[in-house]
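Reviewing the structure listed below.
Protein chains: 2
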Amino acid sequence: MGNVKFTPISEIGEFGLIDRLSENINIKHTETKMGIGDDAAVLSISKDFDHLVSTDMLVGGVHFDITYAPLKHVGYKSIVTNISDICAMNGLPTHALISIAVPNKYSVEMIEEVYMGIKLACDNYAIDLIGGDTTASSGPLIISITIFGKTESQRVTYRSGSKPNDVLVVTGNLGAAYLGLQILERENSIFQENKLSQPNLSAYSYLLERQLKPEPRIDVIKIFKKLNIVPTSMIDISDGLSSELIHLSNSSGLGLKVFANQIPISDETKKTSKELNLDPLVCALHGGEDYELLLTLSLNDYEKIKDVSVFSAIGHTVKQKDHRVELFTGGNGSINLKEEGWDPFKKKPNI
Amino acid sequence: MGNVKFTPISEIGEFGLIDRLSENINIKHTETKMGIGDDAAVLSISKDFDHLVSTDMLVGGVHFDITYAPLKHVGYKSIVTNISDICAMNGLPTHALISIAVPNKYSVEMIEEVYMGIKLACDNYAIDLIGGDTTASSGPLIISITIFGKTESQRVTYRSGSKPNDVLVVTGNLGAAYLGLQILERENSIFQENKLSQPNLSAYSYLLERQLKPEPRIDVIKIFKKLNIVPTSMIDISDGLSSELIHLSNSSGLGLKVFANQIPISDETKKTSKELNLDPLVCALHGGEDYELLLTLSLNDYEKIKDVSVFSAIGHTVKQKDHRVELFTGGNGSINLKEEGWDPFKKKPNI
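Those protein sequence lines, which keep their order, are chains Z and V. All residue numbers for the first sequence refer to the working numbering, where the first residue is 2 and numbers rise by one. All residue numbers for the second sequence refer to the working numbering, where the first residue is 2 and numbers rise by one.
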């Protein structure tokens, strides 16, 4: 490479790399309402609807580990991951394309297993599988998915629309998928030491389901439509609540006040994190892989859903020049959250 | 895997695998006019236009070799490959999404090189780059592209529409990209033996450009529009003329008569194939990577373009129950073409 500079990618991380690659991209078509920079691109190509497009690449050994994730689940989850990006724009999925790079040692039957999961997710969520590519891989299994969705033009929700004093809301509960992964890794290392061991996983079934067979928040998008709610901003938090709070704050140009004791954590998560000597709050903030949504609502819209159990108000937006995300941890204590989401180019977050 | 059957993928090949994976796919949305089965999917989501979508995955060591292909060219060509699929539906490209899995040893600057090629191709062909994903790869460099295009609804051209006695036409000339690759591989092995050798590639510049920086047939699509021509069928032939003749014949349910001496081969291809002891006709039939189009025209439409140099009539369609592709090789001789296109799961065609 001669005198060309060599900057390791780990030095700038995934988001630093995306920032550099996104420079000098020219948008030429007026129908492109949003390109790179949100959970999905937004195309205005039909009269009443905006079309949403998102893509994700999942790499064996980086995003999933087939020593403990069944291939059918890997396929299913790859679709769910993408649906979650469409939901984060307040849309419902419609079409998908799947490309797979197949390691040499894989059989036809193994790829069919992956596809069974993909087709099941497409059938469960009314998605037409309209194309793809299959090719050989000299490395790991790689699945690349492009998903389409749509929503009425006036219902599209970006990361950037929240106003001061909006209510900050999260769906479902957090931390469970991360603990599911810890259990799988623990059982796998026990099995590696003693191949005759029989894991007893029944006590962890909820956590394992959150890790292996997550479901996207289609139900939430349908509730919004039914109650005529349009969130002022929304983001998928599968990379971790903490990093996405910071993204939402930066995109909206507002500060966030977050109350730790309001962050929804299931009883199973609390129990197992105690068993594993982990702090459940840290799992909820940084664990990731919970296919939940973080959003802001006007007070008026919040009134409509405040008694619906899937939603938890965890704080509110504030005018603030430096877009601080302040986490109140009880008593008078508060800390400023810093970006610590999952990054495929860096090590796992230090939990 | 217990008693599960193990069928090596090489036993059924890429198209056999696609056939098995495409079984039992349910189409649920009426706007899906074409799913899997042509060069691109066709979505009827706006009033006057049909939208086209295609995806391709390119794997280092399988589809390109960075020992002799500059990274910028790899990026450029990855977009061209996809544009060609949109052209094959008689459309023009509009939007693209790019996902890249990056090997650990790559620097930020190397990925920026790939992206420079991608952006250049997007600028040259009026494509909005609207999204993507970047992730770490434990294996080779992998580029996955999804491309969108559009065309007026009544102009969409499938593989399947040809009628008996249509003229069979191919664009450009064939075999050059394959010979460009042979030259690069020859120079690379000379270099590996003697690192001080200086390759003199100037005599092969046309062939190398066809291999390293191909251009898609946007010009052809514009000619069709200007002359009010809609081909009765069309297919991209970057996997090789021979295999795509068979695909076109099978899709249309017709036989094809092809005249070998009408297949367009450039002087450079003839000269270099002689130097390398290769048969130029075999390179043109099986070499692949020529981003040209194979199409059928009614006699009436053919009259409009018969003097335009980019088009060569190479034969015609015939009613035939067994969809034979008969290649007339001169004198009274003819042979039946069998599928021998490039397949990433098999060895390269035996040329």
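Note that beta-carbon positions come from the ideal geometry of N, C-alpha and C, so glycine has one too. As the structure is a prediction and not an experimental result, all values here were calculated from the model.
With DSSP run on the structure shown, which of helix, strand or coil describes residue i?
{"i": "Z:HIS248", "result": "helix"}
{"i": "V:HIS74", "result": "helix"}
{"i": "Z:ASN301", "result": "helix"}
{"i": "Z:GLU188", "result": "helix"}
{"i": "V:PRO215", "result": "coil"}
{"i": "Z:MET90", "result": "coil"}
{"i": "V:ASP220", "result": "helix"}
{"i": "Z:GLY140", "result": "coil"}
{"i": "V:ASP57", "result": "strand"}
{"i": "Z:VAL170", "result": "strand"}
{"i": "V:HIS395", "result": "The question about residue 395 of chain V has no answer, for chain V in this structure spans 2 to 352."}
{"i": "Z:ILE200", "result": "What sits at residue 200 of chain Z in the sequence shown is Pro, not Ile. Coil at Z:PRO200, not helix or strand."}
{"i": "V:SER79", "result": "helix"}
{"i": "V:HIS30", "result": "coil"}
{"i": "V:ILE306", "result": "helix"}
{"i": "Z:ASP241", "result": "The sequence as given places Gly at residue 241 of chain Z; Asp does not occur at that position. Z:GLY241 falls in the coil class under three-state DSSP."}
{"i": "V:GLY14", "result": "helix"}
{"i": "Z:ILE112", "result": "helix"}
{"i": "Z:GLY288", "result": "coil"}
{"i": "Z:ALA102", "result": "strand"}
{"i": "Z:PHE7", "result": "coil"}
{"i": "Z:ASP39", "result": "coil"}
{"i": "Z:SER253", "result": "helix"}
Beta carbon of residue i, beta carbon of residue j: below 8 Å?
{"i": "V:GLN263", "j": "V:ILE315", "result": "yes"}
{"i": "V:TYR207", "j": "V:SER267", "result": "yes"}
{"i": "V:LEU18", "j": "Z:THR158", "result": "no"}
{"i": "V:SER252", "j": "V:LEU296", "result": "no"}
{"i": "Z:LYS34", "j": "Z:PRO165", "result": "no"}
{"i": "V:ILE143", "j": "V:ALA204", "result": "no"}
{"i": "V:SER85", "j": "V:ARG218", "result": "yes"}
{"i": "V:GLY256", "j": "V:HIS324", "result": "yes"}
{"i": "V:ASN174", "j": "V:PRO265", "result": "yes"}
{"i": "Z:SER139", "j": "V:GLY140", "result": "yes"}
{"i": "V:SER100", "j": "Z:SER145", "result": "yes"}
{"i": "Z:LEU338", "j": "Z:VAL168", "result": "no"}
{"i": "V:ARG160", "j": "V:ILE236", "result": "yes"}
{"i": "V:LEU246", "j": "V:VAL170", "result": "no"}
{"i": "V:GLY288", "j": "V:TYR179", "result": "yes"}
{"i": "V:SER47", "j": "Z:SER47", "result": "yes"}
Of the residues the options, which one's Cα is nearest the Cα of residue i?
{"i": "V:PRO282", "options": "V:LYS73, V:THR330, V:LEU121", "result": "The residue asked about is misnamed: residue 282 of chain V is Leu in this sequence, not Pro. Comparing Cα-Cα distances from V:LEU282 to each of V:LYS73, V:THR330, V:LEU121, the minimum goes to V:THR330."}
{"i": "Z:SER243", "options": "Z:LYS6, Z:ASP291, Z:GLY36", "result": "Z:ASP291"}
{"i": "V:GLY181", "options": "V:GLY140, V:ILE101, V:LYS271", "result": "V:LYS271"}
{"i": "V:ASP39", "options": "V:VAL54, V:LYS29, V:ILE46", "result": "V:VAL54"}
{"i": "Z:GLU216", "options": "Z:VAL259, Z:GLU293, Z:SER252", "result": "Z:GLU293"}
{"i": "V:GLY132", "options": "Z:GLY132, Z:SER138, Z:ILE148", "result": "Z:ILE148"}
{"i": "V:MET90", "options": "V:ILE238, V:ALA178, V:LYS196, V:ASN301", "result": "V:ILE238"}
{"i": "V:SER45", "options": "V:GLU327, V:SER154, V:CYS284", "result": "V:SER154"}
{"i": "Z:ILE191", "options": "Z:TYR69, Z:HIS52, Z:GLU110", "result": "Z:TYR69"}
{"i": "Z:ILE371", "options": "Z:ARG211, Z:PRO94, Z:GLY334, Z:SER23", "result": "For residue 371 of chain Z there is no data in the structure shown, the boundaries of chain Z being 2 and 352."}
{"i": "V:ASP129", "options": "Z:ASN25, Z:VAL63, Z:LEU279, Z:ILE13", "result": "Z:ASN25"}
{"i": "V:PRO9", "options": "Z:ILE84, Z:GLU113, Z:HIS96, Z:ASN83", "result": "Z:GLU113"}
{"i": "Z:LEU1", "options": "Z:ILE224, Z:GLU186, Z:SER108", "result": "Given that chain Z is displayed from residue 2 to residue 352, the structure contains no residue 1 of chain Z and the question cannot be resolved."}
{"i": "Z:SER108", "options": "V:SER335, V:GLN212, V:ILE306, V:GLU12", "result": "V:GLU12"}
{"i": "Z:VAL43", "options": "Z:GLY62, Z:CYS88, Z:PHE65, Z:ASP66", "result": "Z:CYS88"}
{"i": "Z:ASN278", "options": "Z:MET58, Z:ASP49, Z:MET117, Z:ILE184", "result": "Z:ILE184"}
{"i": "Z:GLU32", "options": "V:LYS307, V:GLN199, V:HIS96", "result": "V:HIS96"}
{"i": "V:CYS284", "options": "V:VAL63, V:ALA177, V:HIS248, V:PHE16", "result": "V:ALA177"}
{"i": "V:GLY14", "options": "Z:PRO200, Z:HIS64, Z:ASN105", "result": "Z:ASN105"}
{"i": "V:LYS305", "options": "V:ALA137, V:LYS227, V:ILE28", "result": "V:LYS227"}
{"i": "Z:ASP49", "options": "Z:LEU300, Z:ASN195, Z:ARG156, Z:ASP308", "result": "Z:ARG156"}
{"i": "V:VAL309", "options": "V:VAL60, V:PHE225, V:VAL259", "result": "V:PHE225"}
Going by other Cβ atoms of all chains shown within 10 Å of its Cβ, with 16 needed for buried, is residue i buried or exposed?
{"i": "Z:PHE312", "result": "buried"}
{"i": "V:LYS7", "result": "For the record, residue 7 of chain V in the displayed sequence is Phe; it is not Lys. So V:PHE7 counts as exposed."}
{"i": "Z:ASP51", "result": "buried"}
{"i": "V:THR56", "result": "buried"}
{"i": "Z:SER250", "result": "buried"}
{"i": "Z:ALA127", "result": "exposed"}
{"i": "Z:GLN212", "result": "buried"}
{"i": "V:ASP302", "result": "buried"}
{"i": "Z:ASN201", "result": "exposed"}
{"i": "Z:GLU194", "result": "exposed"}
For a contact defined as C-beta to C-beta under 8 Å, what are the partners of residue i on chain B?
{"i": "Z:ILE80", "result": "Of the protein chains in the structure, Z and V, none is chain B."}
* Evaluate the contact criterion for the segment 73-89 of chain Z versus the segment 116-125 of chain Z: three or more CB pairs, one atom per stretch, below 8 Å. => yes
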